[in-house]
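Here the structure is laid out as structure tokens; the discussion comes afterwards.
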Amino acid sequence: MYALIRRFLFSMPAEKAHYFTFNALHLVMKIPFVRGIFNCIYSLSDPYEFVGLTFKNRVGLAAGLDKNATHLHELSALGFGFIEIGTVTPKPQAGNDKPRLFRLKQDECLINRMGFNNDGVDLIVERLKTRPKNLIVGGNIGKNKITPNELAKDDYNICFQKLYLYVDYFVVNVSSPNTPNLRELQDKAPLLAILNDLMLQRKSFMAEGLISKPILLKIAPDLSFSQIDDVIAIVKESGIDGLVATNTTISREGLLTPNSEIEAIGAGGLSGKILQNRSTEIIQYIHDKTQGQMPIIGVGGIHDAQSAVEKIKAGAGLVQVYTGFVYAGPNLVKQAAEAIKAIA
Ligand SMILES: Cc1cc2nc3c(=O)[nH]c(=O)nc-3n(C[C@H](O)[C@H](O)[C@H](O)COP(=O)(O)O)c2cc1C
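Heads up: the sequence shown runs through residues -15 to 328, numbered per our numbering.
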């Protein structure tokens, strides 16, 4: 069934297909009983404790697909154990010029240079006031393009503070390749400054009687192992709760798609199957280095049940999908969640 839908969607430019799917999902779910039917087909219960929260199952939707929290109700009927919104920035921004999302069909990959297009934290908070209550929602936060890196921590602080009551956990995104110089924030001094500030804010919220919200850091797959060692040290020093590994890569190695096509697409983050091994390798590395003590959300190249299980075996507590979901549809979510449940 999804093969037919995909053929139709893939006849459109990638970003257009994305909005078309969102609109179609919204309309279909309005038909009486349809959401319930989807729930029956796709939902899978496999409660799992991670960073102090209980997740419905261990397969989530990665950041970037529902950046603006516009379709949480519809997406929650497709079986996800949790959904990460964002990346959210303080002010709304349009992102990069279109086209900015490309399919590499042969490789089952995507290249994107969206550039944190989003509606801004204030509008997103309004939407989150009516979010599904029975679903864990993460808030992935970033900085506006016009904010210089020296002031980046103010942007993270603003998003954190405004979203605090409305999401269940936070992901600090300093690893997108599509905001100029953002990845420099992965260096020790700026990263510690951002994380320490968020931890202080969290403490003051807790002093006011609010519950603690877990904070995770999302890292790039292009970090060297010695840079990952630094990141592990920073996570420990700051006291944040864990890592999301990984974001998209700037590498173009190992693709089947002809070079000329890849060059014509230009800059952007590569996601999908090609990322599978690198992101699993990083998860395994962090797991081993921390004797299994670091909570990790594993993401990158999950395209079937096996590749999801592989990430859990490497040390991820939870996994997320994006590109695999685009190529394989909602069946992937249930199949992955079932396979993970079976090995537990
Ligand atoms: C079109 C697109 C937009 C994305 N936007 C974001 C984003 O805003 N923030 C973020 O942290 N990751 C973003 N990502 C990265 C994904 O969350 C994920 O880390 C990455 O795609 C690897 O997983 P995958 O191979 O399952 O796609 C985006 C990915 C894609 C394909």
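Ideal Cβ positions, reconstructed from N, Cα and C, are used throughout, including at glycine.
Since the structure is predicted, the reported quantities are computational estimates derived from the model, not experimental observations.
Do you know offhand how far residue i's Cα is from residue j's?
i: L56; j: P205; result: 28 Å
i: L259; j: L239; result: 10 Å
i: F287; j: Q77; result: Note on residue identity: the sequence assigns His, not Phe, to residue 287. Near 31 Å, if we compare the C-alpha coordinates of Q77 and H287.
i: N180; j: I142; result: 14 Å
i: E245; j: A298; result: 34 Å
i: L194; j: F(-6); result: 45 Å
i: I324; j: T131; result: 41 Å
i: K172; j: E134; result: 14 Å
i: G126; j: V18; result: 35 Å
i: E58; j: L302; result: 21 Å
i: V105; j: K137; result: 15 Å
i: Y306; j: F39; result: 18 Å
i: Y3; j: A248; result: 24 Å
i: M72; j: L147; result: The residue you asked about is not Met; residue 72 is Val in the sequence shown. So the alpha carbons of these two residues sit roughly 10 Å apart.
i: G250; j: Q290; result: 31 Å
i: V219; j: K257; result: 28 Å
i: L9; j: S210; result: 44 Å
i: M98; j: G285; result: 19 Å
i: Q304; j: E192; result: 33 Å
i: E294; j: N315; result: 18 Å
i: A300; j: L207; result: 18 Å
i: R(-9); j: S222; result: 47 Å
i: P74; j: N96; result: 22 Å
i: T5; j: K117; result: 24 Å
i: M(-15); j: V121; result: 29 Å
i: I15; j: F22; result: 11 Å
Starting from residue i, follow the alpha helix (DSSP H) in both directions and report where the run begins and ends.
i: R111; result: V105 to L112
i: Y269; result: Q260 to K273
i: S255; result: No alpha helix (DSSP H) holds S255; the beta strand (DSSP E) holding it covers G253 to G256.
i: N52; result: Here N52 belongs to no alpha helix (DSSP H), and DSSP marks it neither H nor E.
i: E322; result: N315 to I327
i: I249; result: N243 to I249
i: L184; result: K172 to A191
i: S215; result: The sequence given here places Val at residue 215; Ser does not occur at that position. Its alpha helix (DSSP H) spans residues F209 to S222.
i: G20; result: V18 to Y26
i: I286; result: Counting along the chain, I286 falls outside any alpha helix (DSSP H), and DSSP gives it neither H nor E.
i: L11; result: A(-2) to K14
CB residue i to CB residue j, shorter than 8 Å?
i: V35; j: G226; result: yes
i: N102; j: N162; result: no
i: V158; j: L184; result: no
i: R111; j: A53; result: yes
i: N124; j: E68; result: yes
i: K197; j: D152; result: yes
i: P(-3); j: P83; result: yes
i: I203; j: F154; result: no
i: I266; j: M278; result: no
i: L(-12); j: K318; result: no
i: A229; j: S255; result: no
i: A321; j: D30; result: yes
i: G20; j: K51; result: no
i: L201; j: V156; result: yes
Would you grab the beta carbon distance between residue i and residue j for me? Rounded to a whole angstrom, and I think it's under 8 Å.
i: S160; j: G282; result: 18 Å between Cβ atoms; not a contact.
i: L166; j: I178; result: Not confirmed; about 11 Å, so no contact.
i: I296; j: I327; result: 7 Å
i: L85; j: T241; result: About 15 Å; that fails the 8 Å criterion.
i: K187; j: Y150; result: In fact, because the Cβ distance is near 19 Å, the residues do not count as touching under 8 Å.
i: F144; j: L182; result: 5 Å
Locate the beta strand (DSSP E) running through residue i, then write down its first and last residues.
i: Y148; result: No beta strand (DSSP E) contains Y148, which DSSP labels as neither H nor E.
i: T307; result: Looking at the DSSP string, T307 is not in any beta strand (DSSP E); the run it does join, the alpha helix (DSSP H), is T307 to A312.
i: V228; result: G226 to A229
i: T73; result: No beta strand (DSSP E) holds T73; DSSP gives it neither H nor E.
i: N96; result: C93 to N96
i: L88; result: L85 to L88
i: E33; result: Y32 to F34
Answer with yes or no whether the minimum CB distance from residue i to chain B is below 8 Å.
i: L254; result: Absent from the structure is chain B; it holds one protein chain and no more.
- Message: Can you confirm whether the segment 233 to 243 touches the segment 214 to 225 when touching is taken to mean that 3 or more C-beta pairs between the two stretches lie within less than 8 Å?
- Response: no
- Item | Sufficient close CB pairs (3 or more, under 8 Å) joining the segment 62 to 79 to the segment 32 to 49 | yes
- Counting Cβ pairs closer than 8 Å, one from the segment 294 to 314 and one from the segment 88 to 107, do we hit at least three? yes
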